[in-house]
Amino acid sequence: MIIQTKNLSKWYGTVLALNDVSINVEEGITGLLGPNGAGKSTFLKIAIGFIKENKGDIKVLGMDVWDNTELKKRIGYCPENDAFYSFMTGYDFLKTMGRLNKIKDFKRINKVLKEVDLWDDRNRVISGYSKGMRQKLKVAQALLHDPDLLFLDEPLSGADPIARIKIMEITKKLVEDGKNIIVSSHILHEVERMADKVLLINKGRVLAEGKIHEIREAIDKFPHSVKLLTKEKRKLAKLLIGYDFVESIKLLENGIILKTPRPDIFYSELPKILIKNSLEITHLSSPDDNLESVFRYLVR
Amino acid sequence: MFDIIILTLKQIYKSKKTYILGIFLFLPLILGMYSIKHNENGIVVFSDMIYILYLQLFILLITLIFATSLIGDEIRSGKIAFLTTRVSRKTIVIEKYVGYLISVSLVFLIPLITTFVVLHIYAPEDIPVKILFSYMLIIFLAIAAYGAFYLFISLIISRPLMFGLFFAFIWEIIASNISERLSKFTIMHYLKSISYKLIKYGDAQHVSNPSNFNYSLSILCILCIITVFLSIIIFKQKSLE
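Line by line, the protein sequences give chains A and B.
For the first sequence, the positions run 48 to 347 when the working numbering is used.
For the second sequence, the positions run 31 to 271 when the working numbering is used.
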């Protein structure tokens, strides 16, 4: 077991963020799935010793989590929020983080930069990085010290399709190398492409856990909404409506919302379509109400 | 080792506010030259400018701005996660504080030395170099004491800047001037007492009932140790939501 919790609860004033969560997370990659505000980040932050639980126990890699320097050496954390020491270059940032991890061999930093496809941009100042590059940099800093267990909090959030593919490839490779990963997302099909096991969280409770394909079969009965923001919404809409995996498209002021009955195919085909037609999207997300319907289905 | 000190130095020296505040620290130089031009004694002018503007204004303000943001800003922005997942919380507090001490001392040191050198050349009489070294010590003690106190405050209250402004400009200035008994509970009193012993010119000699030099020095050192120690304890237990 990489994580064991018993009756774990956390509340902020009168808001219950985690409610009596008792789980055992096994080795490998596990997806933490739930809508915004479900308690995913709270769970991860407790697991890395960033915030304190109000009730219950948690052990990560068999150890206590609070300010445990032995555990810090074995875990990596990619935060959800987008705060950086933005005056630094990508290379300087990783060098600084590497030093804190007691990494003396800068070859490791070079290797990680190449792995996340940031080598060519390593000497650029972080404030000039795109959202996708910043996401990759966050993943890179978490990988630096080659941790046994990686916590990725919404690693694909706001990333462009190419950065998404890269981050998914990295996670896949890490699992092949025997690493353990906990990845959170509010988009099922992102989690599905990275993890084979999933924990469904909503309103601080674990609703379901198990193999992802079992949960997906239930969820696929619902059409999946995707919001895409682009400057060329008409061109994008015209292109996508021709595919049989797109059911309907609604034009917005600065993009589109589409419904797809085959999200798996949609997510794998979208980057190819965008690249082939030189289209740029600035934002991709799955509206939460879509996932809410899944939860309604699961708990009814 | 010392990596958070280096990070803190970089953060402070890459910040625009450091340079904006740094410019104000040249005000004693301009005012000093003006006063000397109008036939005032160079030694008294240099001493009073530093005593009044640095010790009773700029140090209170600059230490407040830097020390409260030292860890507080990192918590608010979420960047603290990059540190807490790598090093112990005790190391973060100690190295952040040391980084602050070095960087803020340098922020003051450059204009202080420049002011001394220019006024030394500009004034008809020689300004003893002992005054410069005495002020270096006093300013360092002030940066250390106020910094440690504000760091502690930033970890226990949610609006440290508001509290700090009240503390600096109401408590420290007013309390140290209205009542001798109350002044013993201010950091300013002990800084003024040390100034009284070391600086034999101008306003530094106008301190009512100064405390003994060694006693004042001990009080300030103890204050630094206790507040940094308490900051470590609080930060070690702090849930960073």
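We put the CB at the ideal spot given by N, CA and C, even for glycine.
This structure is a prediction, so every number in the text was calculated from the model and none was measured.
- Following the DSSP letters along the chain, one finds residue 115 of chain B in no alpha helix (DSSP H), marked with neither H nor E.
- Using a Cβ-Cβ cut-off of 7 Å, residue 126 of chain A is close to 108, 111 of chain B, given in chain order.
- Secondary structure of residue 120 of chain A (DSSP, three-state): coil.
- In its chain, beyond the 5 residues on either side, 48, 51 have a beta carbon closer than 6 Å to the beta carbon of residue 71 of chain A.
- According to the DSSP assignment, residue 193 of chain B belongs to the alpha helix (DSSP H) that extends over 190–196.
- Per DSSP, the beta bridge partners of residue 110 of chain A are A/107.
- Around the beta carbon of residue 61 of chain A, fewer than 16 other beta carbons sit within 10 angstroms, so the residue counts as exposed.
- The continuous stretches of beta strand (DSSP E) do not include residue 127 of chain A, and DSSP gives it neither H nor E.
- With respect to residue 224 of chain A, residue 121 of chain A sits apart: the two C-beta atoms are not nearer than 7 Å.
- The region 87–100 of chain B and the region 234–243 of chain B do not touch, with fewer than three beta-carbon pairs separated by less than 8 Å.
- Of all residues in the region 205–223 of chain A, none comes within less than 7 Å of chain B when Cβ atoms are compared.
- For the region 131–154 of chain A, the beta-carbon criterion of a distance under 8 Å to any beta-carbon of chain B is satisfied by 131, 132, 134, 135, 143, 144, 146, 147, 148.
- Among the residues of the region 154–167 of chain A, none has a Cβ less than 7 Å away from any Cβ of chain B.
- Within the region 94–108 of chain A, contact with chain B at the beta-carbon level (separation under 8 Å) is assigned to 95, 96, 97, 98, 99.
- About 6 Å separates the beta carbon of residue 283 of chain A from that of residue 326 of chain A, a gap short enough to meet the 8 Å contact definition.
- Within the region 281–314 of chain A, no alpha helix (DSSP H) run of at least 4 residues lies entirely inside it.
- One finds 118, 119, 266 in chain B with Cβ atoms closer than 7 Å to the Cβ of residue 114 of chain A, taken in chain order.
- Taking the Cα positions, residue 261 of chain B is about 47 Å away from residue 273 of chain A.
- By the neighbour-count criterion, in which a residue is buried when 16 or more other Cβ atoms sit within 10 angstroms of its Cβ, residue 299 of chain A is exposed.
- Taking each of B/48, B/36, B/99 in turn and checking the Cα distance to residue 179 of chain B, the smallest one comes out for B/99.
- Taking all protein chains in view, the Cβ of residue 154 of chain B is surrounded by fewer than 16 other Cβ atoms within 10 Å, so the residue is classified as exposed.
- In this structure, residue 286 of chain A keeps its C-beta atom at 7 Å or more from the C-beta atom of residue 296 of chain A.
- Of B/115, B/108, B/103, B/97, the smallest CA-CA separation from residue 116 of chain A is found for B/115.
- For the region 135–147 of chain B, there are no residues whose beta carbon sits under 8 Å from a beta carbon of chain A.
- Residue 33 of chain B has a beta carbon lying within less than 7 Å of a beta carbon in chain A.
- In the DSSP secondary-structure assignment, residue 274 of chain A is bridged to A/304, A/332.
- None of the residues of the region 46–66 of chain B has a beta carbon lying less than 9 Å from any beta carbon of chain A.
- For the region 209–238 of chain B, the continuous alpha helix (DSSP H) assignments of 4+ residues that do not extend past its boundaries occur at 210–213, 217–228, in sequence order.
- Between the region 177–194 of chain A and the region 64–75 of chain B, the count of C-beta pairs closer than 8 Å stays below three; the two stretches do not touch.
- Look at residue 226 of chain A: its C-beta is not under 7 Å from any C-beta on chain B.
- Within chain A, the C-beta atoms nearer than 9 Å to that of residue 44 of chain B come from 132, 134, 135, in chain order.
- DSSP, reduced to helix, strand and coil, places residue 56 of chain A within a strand of the structure shown.
- Excluding sequence positions up to five before and after residue 247 of chain A, its CB lies within less than 6 Å of the CB of 80, 254, 255, all in the same chain and listed in chain order.
- For residue 119 of chain A, the C-beta contacts it makes with chain B under 9 Å involve 114, 115, 116, 117, 118, in order along the chain.
- Taking the beta carbon of residue 59 of chain A as reference, the chain B residues within 7 Å of it are 271, listed in sequence order.
- For the C-beta of residue 122 of chain A, the chain B residues within less than 9 Å are, from N- to C-terminus, 115.
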